[in-house]
Amino acid sequence: MLEVAKKYALIFPSQHKSKISEILEEIGSFEIVEEKGWQEKNIFQEIDYEISVLAFAINYLIPYQKKESFFQKIKVPKILFKKEDVFSFLRKKEEILNKTKRLEEIEKELDLIRKRRQELENKLKTISEFELLKFLPQETKFFSSFLTDISPKKEKELLEFVQINKVAVFKIGQHRGNLRYLFITPFEIKNKLLEEFNLTIVNYPFEKIPSEEKKETLKERGFLREKEKKLKEEIILLANHLRDFQILHDFLVKSKAKLEIERLSKEKQLFSYVIFWAEKERKEELEKEISRLFKDCFIIETKAEENEEPPVLLKNNKYFKPFEYVTEIFGLPRFDEIDPTPYFALFFITFFGIALTDAAYGLLLLIISLFSLKFFSNFFLDKKLLTLLFCGGISTFIMGVIFGSYFGITPQIPIFLRLKKIDPIEDTILFMGLTFVLGYLQSVFAQVVKIIKAKKQKDKKTIFGAIAWLSFYLSLTFLVLNRYFLFLKKITLPAILATIFFVIYSETIGQKIFILLRFFIGGIKFIQGIISTTADILSYSRLMALGLATAVIALIINQIAFLFGKMIPYFGWLVALVILVIGHVFNLVINALSAFIHSGRLQFVEFFPKFLEGGGRRLKPKRSNLRYIQIVK
Numbered sequence: 001m002l003e004v005a006k007k008y009a010l011i012f013p014s015q016h017k018s019k020i021s022e023i024l025e026e027i028g029s030f031e032i033v034e035e036k037g038w039q040e041k042n043i044f045q046e047i048d049y050e051i052s053v054l055a056f057a058i059n060y061l062i063p064y065q066k067k068e069s070f071f072q073k074i075k076v077p078k079i080l081f082k083k084e085d086v087f088s089f090l091r092k093k094e095e096i097l098n099k100t101k102r103l104e105e106i107e108k109e110l111d112l113i114r115k116r117r118q119e120l121e122n123k124l125k126t127i128s129e130f131e132l133l134k135f136l137p138q139e140t141k142f143f144s145s146f147l148t149d150i151s152p153k154k155e156k157e158l159l160e161f162v163q164i165n166k167v168a169v170f171k172i173g174q175h176r177g178n179l180r181y182l183f184i185t186p187f188e189i190k191n192k193l194l195e196e197f198n199l200t201i202v203n204y205p206f207e208k209i210p211s212e213e214k215k216e217t218l219k220e221r222g223f224l225r226e227k228e229k230k231l232k233e234e235i236i237l238l239a240n241h242l243r244d245f246q247i248l249h250d251f252l253v254k255s256k257a258k259l260e261i262e263r264l265s266k267e268k269q270l271f272s273y274v275i276f277w278a279e280k281e282r283k284e285e286l287e288k289e290i291s292r293l294f295k296d297c298f299i300i301e302t303k304a305e306e307n308e309e310p311p312v313l314l315k316n317n318k319y320f321k322p323f324e325y326v327t328e329i330f331g332l333p334r335f336d337e338i339d340p341t342p343y344f345a346l347f348f349i350t351f352f353g354i355a356l357t358d359a360a361y362g363l364l365l366l367i368i369s370l371f372s373l374k375f376f377s378n379f380f381l382d383k384k385l386l387t388l389l390f391c392g393g394i395s396t397f398i399m400g401v402i403f404g405s406y407f408g409i410t411p412q413i414p415i416f417l418r419l420k421k422i423d424p425i426e427d428t429i430l431f432m433g434l435t436f437v438l439g440y441l442q443s444v445f446a447q448v449v450k451i452i453k454a455k456k457q458k459d460k461k462t463i464f465g466a467i468a469w470l471s472f473y474l475s476l477t478f479l480v481l482n483r484y485f486l487f488l489k490k491i492t493l494p495a496i497l498a499t500i501f502f503v504i505y506s507e508t509i510g511q512k513i514f515i516l517l518r519f520f521i522g523g524i525k526f527i528q529g530i531i532s533t534t535a536d537i538l539s540y541s542r543l544m545a546l547g548l549a550t551a552v553i554a555l556i557i558n559q560i561a562f563l564f565g566k567m568i569p570y571f572g573w574l575v576a577l578v579i580l581v582i583g584h585v586f587n588l589v590i591n592a593l594s595a596f597i598h599s600g601r602l603q604f605v606e607f608f609p610k611f612l613e614g615g616g617r618r619l620k621p622k623r624s625n626l627r628y629i630q631i632v633k
């Protein structure tokens with residue numbers, strides 16, 4: 001069922017503004033209306049800054065927190081916080097924020113340390129290139145000492161030159177594949193040496209000899225490591241307060257939402273008011289809460305402005321509610337349309353079971369979804385998808401029994417053989433025919449839904465057209481029923497011809513044109529409708545393709561597992577078991593995903609367009625999204 005939100009005005013004395021805003025935020029189901037031309041100014045700079053600082057601290061400290069088990073995280077995903085403890089906790093606000101400031105300082109210090117350590121590592125790498133140098137290169141009145149690199153290919157020739165010219169030379173290291181030497185030569189030999197071997201002097205970049213530079217660098221690096229260690233120990237101590245950071249973060253988010261509601265309320269001389277959209281049930285809840293606290297506040301319903309589209313909500317009973325998940329993927333219907341959820345639910349879940357087509361897979365899906373709903377329900381804010389998968393598991397199990405598939409095998413047991421009605425591999429034509437019948441039924445049913453929608457909108461022309469097409473589709477069923485009811489043979493052809501003329505007339509109703517031209521245009525539209533319906537029905541063959549894929553892949557997995565089990569001695573059974581588990585889990589996941597996607601696609605592409613435009617506006621409540629805490633009474 002589609003519920004259209006109503007527009008209300010809450011009128012109250014100005015002194016109640018803070019408390020009223022708090023109530024609206026806590027209930028969190030109201031879309032506050034903003035005035036035209038109103039633009040939110042950043043009046044929340046301080047609270048925005050505090051929230052961002054806390055968010056930084058939380059993200060920074062998460063790797064340092066005490067690890068919780070996976071199951072513990074899922075079972076209790078949020079911090080439970082009692083409402084009466086709020087004020088006592090907020091007294092620690094300044095203390096907590098000071099810890100975040102200290103964390104910022106630590107992070108900056110660590111960043112500087114990391115940069116300095118990188119510089120020291122680069123320095124040590126450079127020092128290693130001069131490691132054997134015992135004194136600093138320098139020039140005197142008669143001699144020059146200098147460093148240069150030379151290719152290993154020229155080393156022999158260089159040594160011969162050194163020996164002939166009586167040059168002192170010392171090998172001190174290597175650099176990028178070249179040999180690094182220290183030369184001590186007279187000035188005239190220096191220039192000759194550089195020119196003959198095309199050498200370039202290498203500058204020594206430090207003030208002290210390498211051994212002293214290395215000693216000082218290692219000492220500084222050790223000091224920085226020790227300082228970094230102490231800062232990380234301080235971070236670990238701050239990580240013990242991570243829970244406080246998370247709680248305060250969410251409280252500030254709540255406070256900001258409350259302040260935003262206060263800002264959106266309008267003030268007059270003696271009273272204030274806030275305009276909002278809400279569903280009737282939530283409006284009554286608000287009315288009850290306000291009347292309990294105040295006697296001078298009241299709510300009145302107001303009219304929507306011209307061209308203002310009201311938001312819509314999906315409201316279905318517990319049997320159809322899980323299928324709202326599929327509708328929401330497509331988008332919400334407009335406020336003047338109908339909720340398609342109850343109309344496609346049975347088709348969707350039937351298609352899902354046919355596409356998966358394995359009783360064992362259905363049972364696994366049923367157990368997994370039921371287990372998750374039972375033990376990890378706190379982790380899931382919206383349980384629609386899990387409930388939908390639970391229903392899908394039931395449907396798949398039923399279809400799997402009918403198709404006789406249990407992990408791709410049909411057990412040769414009398415009860416299983418009796419329950420098996422279709423073999424998806426051997427009875428492929430029958431399987432395909434079944435999907436076409438389902439497609440035909442949903443196409444016919446789409447006209448019924450179209451009539452329901454048109455009746456709501458009081459669109460007589462659409463009602464007339466939908467009845468015409470519905471009568472034509474029903475007349476076609478006489479062709480099938482002729483085999484079982486012989487008396488229908490006499491009326492089948494007249495019924496089909498009559499309904500064709502009915503459709504042609506309905507397609508041109510209201511058009512003031514020549515009758516023959518009208519008949520021609522109606523005939524074209526009728527042919528287009530037949531082609532479109534045929535194409536839609538053929539699309540349902542994808543259900544057969546998916547069902548066959550599940551069965552064939554399961555069969556191949558079994559064959560591969562049994563083959564390896566026979567080939568490998570002693571441990572073959574273990575290898576076969578691993579292949580079976582991994583293979584069937586993969587087949588279940590990939591084909592369950594395909595079944596969901598393609599069953600939904602048949603609704604979105606083949607069913608919805610026949611009666612639904614979509615594009616409805618969601619209700620956007622002004623509320624805080626608490627990431628870390630859950631407030632309990």
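Note that my numbering numbers the sequence shown so that position 480 is 480, with each residue one more than the last. Note that beta-carbon positions come from the ideal geometry of N, C-alpha and C, so glycine has one too.
In this structure, the alpha-carbon of I524 lies about 28 Å from that of R601. Per the coordinates, the alpha-carbon of Q246 lies some 9 Å from the alpha-carbon of A57. Beta-bridge partners assigned by DSSP to I201: T148.
According to the DSSP assignment, A9 belongs to the beta strand (DSSP E) that extends over K6 to P13. Annotation for L389: L365 and S369 place their beta carbon closer than 7 Å to its own, counting only its chain and skipping 5 residues before and after.
Here the region 99 to 114 does not lie against the region 156 to 175, with fewer than 3 beta-carbon pairs under 8 Å apart. With a cutoff of 8 Å on beta-carbon distance, D339 and Q457 are scored as not near each other. Separation of the CB atoms of K92 and D250 is rounded to 14 Å, and the pair is thereby denied contact status at 8 Å. Spatial neighbours of F526 in its own chain (CB-CB distance under 8 Å, excluding positions within 5 residues in sequence) are listed in chain order as I500, V503, I504 and E507.
Distance from the CA of M567 to the CA of I579, rounded to the nearest whole angstrom, comes to 14 Å. Here S272 is bridged, per DSSP, to F12 and E267. Looking at the DSSP output, T550 bridges to nothing.
Membership of I299 in the beta strand (DSSP E) is indicated by the continuous run F298 to T302.
Inter-segment contact for the region 322 to 333 and the region 22 to 31 is absent: fewer than three beta-carbon pairs are separated by less than 8 Å. Annotation: I496 to G353 spans about 34 Å, alpha carbon to alpha carbon.
Within the same chain, Cβ atoms closer than 6 Å to the Cβ of P137 are found at S145, F146, L147 and Y204, the five residues on either side in sequence being excluded. The three-state reading of DSSP puts R618 in strand, counting E and B together.
With contacts defined as CB atoms closer than 8 Å, L313 and E262 fail to qualify as a contacting pair. For Y406, there is no enclosing alpha helix (DSSP H), as DSSP marks it with neither H nor E. Boundaries for V312: no alpha helix (DSSP H) harbours it, while the beta strand (DSSP E) harbouring it runs V312 to L314, taken from the DSSP string.
Looking at the backbone, the Cα of L548 and that of R418 are separated by about 21 Å.
Scanning the region 77 to 122 from its first residue to its last, the whole beta strand (DSSP E) runs of 3-plus residues come out as 79 to 82. Within 10 angstroms of the beta-carbon of S291 lie fewer than 16 other beta-carbons, which makes it exposed.
Spatial neighbours of V4 in its own chain (CB-CB distance under 7 Å, excluding positions within 5 residues in sequence) are listed in chain order as P310, V312 and F335.
Its chain contains Y8, L10 and E287 as the residues whose beta carbon lies nearer than 6 Å to that of I299, once the 5 sequence neighbours on both sides are disregarded; these appear in chain order. Annotation: V169 is outside any alpha helix (DSSP H); the continuous beta strand (DSSP E) that includes it extends over A168 to H175. Beyond the five residues adjoining it in sequence on each side, L619 comes within less than 7 Å, by CB distance, of A5, E31, W277, P311 and L313 in the same chain, given in chain order.
No residue range can be given for Y540, since it is assigned to no beta strand (DSSP E) and is classified by DSSP as neither H nor E. For I491 and F485, the gap between their C-alpha atoms comes out near 11 Å. Counting C-beta pairs with one atom in each stretch, the region 179 to 198 and the region 77 to 90 have fewer than three that are closer than 8 Å, which means they do not touch.
Judged by their CB atoms, V253 and L574 are not nearer to each other than the 8 Å cut-off. The three-state reading of DSSP puts Q447 in helix, counting H, G and I together. The secondary-structure analysis by DSSP pairs A278 across a beta bridge with K6.
Distance from K99 to L238 at the Cβ level is roughly 6 Å; contact confirmed, criterion being Cβ atoms closer than 8 Å. In the DSSP assignment, I629 falls outside any alpha helix (DSSP H) and lies within the beta strand (DSSP E) extending over I629 to V632. Here the alpha carbons of T350 and I590 stand approximately 18 Å from one another.
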